[in-house]
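See structure below.
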Amino acid sequence: MLTRTYVTGFSLVELMVAMVISLFLTLGVFAMFSMSATNVTTTGQYNQLQENGRIALAIMSPDIEQVAFFGDVTGTDFIPGTNTTVTGVIATDCVGGGLNNATLPNNQPAHFRRIWGYEAGVSGQSVSCVNDAIEDTDVIQIKRLVGPAGATSGFRVATTSSEIVFFGAAADPALINERVWEYQHHIYFIQNLNGVPVLSRKALSETGMNNEEQLVEGIENMRILYGYDDDGDDTADSYLPVENVTDMMWDNQSFQRIVAVKIFLLVRTVDQDSSYTNDITYELGDKELGPFNDHFRRKVLSTTILLENPVLIRN
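Reminder that position 186 of the sequence shown reads as 1181 in our numbering, one-by-one numbering, no gaps.
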């Protein structure tokens, strides 16, 4: 006797219901994955902003803090033919504003500037070796000796308690009780490299200002306020943008010494995020930037640097 076996299964309606449920589950999983990916991108970019800004300030702060350090003659005027001798040669120099603002002191009737700055494309003056700084960003120039004493390379300087000799790669002048240091002239500025803003630095080598270093990507703008002391108490009485700093302040005359610097950095991500639109206005000290209405995230970081070696009061 033949026995028939019937196999039961899903009906067409049941299959359609199952497919719809599966579709909703798949969409839910995809939405969760998309949100997770977006959060990872956002978190990664904010971490990048914080880290790049922190590195930039960590490079600049200790360098600027020691501006005007000149060993045993820190705080004194450099007068060629009296207490200053220049035998080193600067083949490619970076000359800034003022009468006495090259890498090495000269015979002009003006104080040798240890610190100076300007706003690219806005100020009437600039350093001769920087022609690609992004407009509306600040540039700062500093000069100092680099410790410890006993330098055997770089552009070298010999000091005693009453004399300084800039001799570079020439023969050591062998002054009595001398100490030999490396001399550094740095210029910090922001340039555009293939669409990416970069904090860069010009630096002195044994022969001239021919070293250019790209330090940190994503530094889009820099604003610097200069704190000056007008009563000789070593405390900044006011912080001024570069356009309000006078020649007397740069030269530290008539009790107007620059004793501190406030730096504001606008840091931008290297890559865009198409899911984000930046409509924020940012404050960099005394000026506002934005809204940019683009797809880059940004963050402002700032610090105040107290200068350890302000020039002595000049009447």
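For every residue, glycine included, the Cβ atom is placed at its ideal position computed from N, Cα and C.
This structure is a prediction, so every number in the text was calculated from the model and none was measured.
By the 10 Å Cβ neighbour count, where 16 or more other Cβ atoms means buried, how is residue i classified, buried or exposed?
i	result
residue 1047	buried
residue 1213	buried
residue 1310	Here the model assigns residue 1310 a pLDDT of 46, short of 50, so the residue's position is not dependable, and the following value carries that caveat. Exposed is the call here.
residue 1044	buried
residue 1130	exposed
residue 1016	exposed
residue 1288	exposed
residue 1040	buried
residue 1020	exposed
residue 1076	exposed
residue 1055	buried
residue 1227	exposed
residue 1282	exposed
residue 1299	exposed
residue 1012	exposed
residue 1195	buried
residue 1302	buried
residue 1091	buried
residue 1261	buried
residue 1167	exposed
Are the beta-carbon atoms belonging to residue i and residue j less than 9 Å from one another?
i	j	result
residue 1223	residue 1199	no
residue 1150	residue 1169	no
residue 1209	residue 1127	no
residue 1147	residue 1172	no
residue 1139	residue 1247	no
residue 1081	residue 1158	no
residue 1215	residue 1263	yes
residue 1217	residue 1182	no
residue 1225	residue 1259	no
residue 1240	residue 1112	yes
residue 1086	residue 1230	no
residue 1064	residue 1145	no
residue 1097	residue 1296	no
residue 1268	residue 1036	yes
residue 1184	residue 1265	no
residue 1108	residue 1119	no
Can you give the beta carbon distance from residue i to residue j, rounded, assuming they're within the 8 Å contact cut?
i	j	result
residue 1073	residue 1104	Their Cβ separation, rounded to whole angstroms, is 13 Å, which puts residue 1073 and residue 1104 out of contact at 8 Å.
residue 1237	residue 1114	5 Å
residue 1089	residue 1117	Incorrect: roughly 19 Å between the Cβ atoms, too far for contact.
residue 1137	residue 1242	Incorrect: roughly 18 Å between the Cβ atoms, too far for contact.
residue 1110	residue 1062	5 Å
residue 1219	residue 1191	Contact flag wrong, Cβ pair sits at about 22 Å.
residue 1290	residue 1271	6 Å
residue 1197	residue 1189	Not really, about 20 Å apart at Cβ, beyond 8 Å.
residue 1083	residue 1162	5 Å
What does DSSP give as the partner residue(s) for residue i in the beta ladder?
i	result
residue 1222	1234 and 1255
residue 1299	1257
residue 1277	1284
residue 1159	1079 and 1154
residue 1262	1214 and 1294
residue 1289	1273
Those runs of the alpha helix (DSSP H) which lie wholly inside the segment 1107-1157 and span at least 4 residues = none
Let me know the beta strand (DSSP E) ranges lying completely inside the segment 1164-1217, each 3 residues or longer, listed in chain order.
-> 1174-1188, 1191-1198 and 1206-1212
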